[in-house]
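Counting from 1 along the sequence shown, just add 70 to a position and that's the residue number in this note's numbering.
Yeah, the Cβ is synthetic: ideal placement off N, Cα and C, and Gly gets one too.
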Amino acid sequence: MFGVVSSEDRPRDETISQSALRPSRSGRIGVSLGILVFGVLTACRSLAPRAEEHYARAERLLNERQYELAAAELRRAIELKPDFPEAHYRLAQILFYAFGDVKGAIAEFQTAIAKGYPHPAIHYELAKIFLDAELFEDAIAQCGEAIRKGYETPAVYLELGRAYLAKGEWERAEQELRRAIELSAPVEFPMAHYYLGEVYERQQKLAQAIAEFETYVQIASAHAEMLAEEAREGLAPGAESFSLPSELPSVEAVQQRIASLKARAALRP
């Protein structure tokens, strides 16, 4: 009833030779080469410096005051890891303190903030740059942000006072500078007294200006070396990597100013 199908009668496409199931020699070589290349690429990737390693090199170079090389390492770290707020922050410090690049420093500080740099003192540092660039409203905003995030220090209120002084808002400047002195107590804060003298001089309150300038001279003369170090304390971590000039006005210059104010006061009826 049923016929037997011979091997000759089977369709040709149903007959699969064993040789077709085995990969060709060239195919085996291609697969082996692919595996080898993948392994080499993986090994190279594992051996390539990571962003954190470039950052660590930059820190070592900063300690040696090699700012150009440190900046290059930080840029490599950022290329490998764009979301690296600490690298953006350190690069901003180099650009400002070492190279005087205000525009570049502002951009890197802002990027560090946007990417979550955790230390609120970054707002204080950015405020100082804005103040130097005469962007007073931006400086005030950054000081406010530092205070809002818990970085309520005498140095922040000093910068606030300086910003309001530059804007000609004498009463607000006096208020912020007085707050700086209160927060600093019992430690003296000579720069706040100096800028209070500035405020009173511009208001033509000569007796009060003389008193503040004399307080500054008294403190600065007695503790010059200590104050030169304290002038740096408001900076966020890492500022010690830079050779910063002292911001303290010279005692001699302030004494000459006092003498001039006393001469003006003597001419008043």
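Ordered along the chain, which non-local residues of its own chain (more than five positions away) have a Cβ less than 6 Å from that of residue i?
i, result
"Ala-197", "Ala-209, Gln-212, Cys-213, Glu-229"
"Gln-278", "Tyr-270"
"Cys-114", "With a pLDDT of 39 at Cys-114, under the threshold of 50, the modelled position of that residue is not reliable, and the figure given next carries that caveat. So the list is empty, once near-sequence residues are dropped."
"Leu-247", "Gly-231, Ala-262, Tyr-265, Leu-266"
State the DSSP-derived secondary structure class of residue i, mapped to helix, strand or coil.
i, result
"Gln-274", "coil"
"Tyr-194", "helix"
"Pro-24", "The structure shown has nothing for residue 24, since the chain only spans 71 to 339."
"Leu-228", "helix"
"Tyr-221", "coil"
"Tyr-286", "helix"
"Gly-359", "Lying outside 71 to 339, the shown extent of the chain, residue 359 is not represented and no answer is given."
"His-124", "helix"
"His-189", "coil"
"Glu-143", "helix"
"Pro-119", "coil"
"Lys-151", "coil"
In whole angstroms, what separates the C-alpha of residue i from that of residue j?
i, j, result
"Arg-338", "Glu-134", "56 Å"
"Val-257", "Pro-190", "23 Å"
"Glu-284", "Gln-325", "8 Å"
"Glu-282", "Trp-240", "15 Å"
"Glu-129", "Arg-120", "15 Å"
Ignore the nearest five residues each way along the sequence and tell me which others in residue i's own chain have a CB closer than 7 Å to its CB.
i, result
"Phe-166", "Val-172, Ala-175, Ile-199"
Which residues in the same chain as residue i place their Cβ atom closer than 8 Å to its Cβ, once the five residues preceding and following it in sequence are excluded?
i, result
"Tyr-125", "Glu-143, Leu-144, Ala-147, Phe-154, Glu-156, Ala-157, Arg-160"
"Ala-203", "Val-172, Ile-176"
"Gln-180", "Leu-196"
If contacts are defined as beta-carbon pairs under 8 Å, then residue i and residue j qualify, I think. What distance do you get, rounded to the angstrom?
i, j, result
"His-193", "Lys-219", "7 Å"
"Ile-289", "Pro-260", "4 Å"
So is residue i buried or exposed if we call it buried at 16+ other beta carbons inside 10 Å?
i, result
"Lys-327", "Here residue 327 turns out to be Arg, not Lys, going by the sequence shown. When all chains shown are included, Arg-327 counts as buried."
"Gly-186", "exposed"
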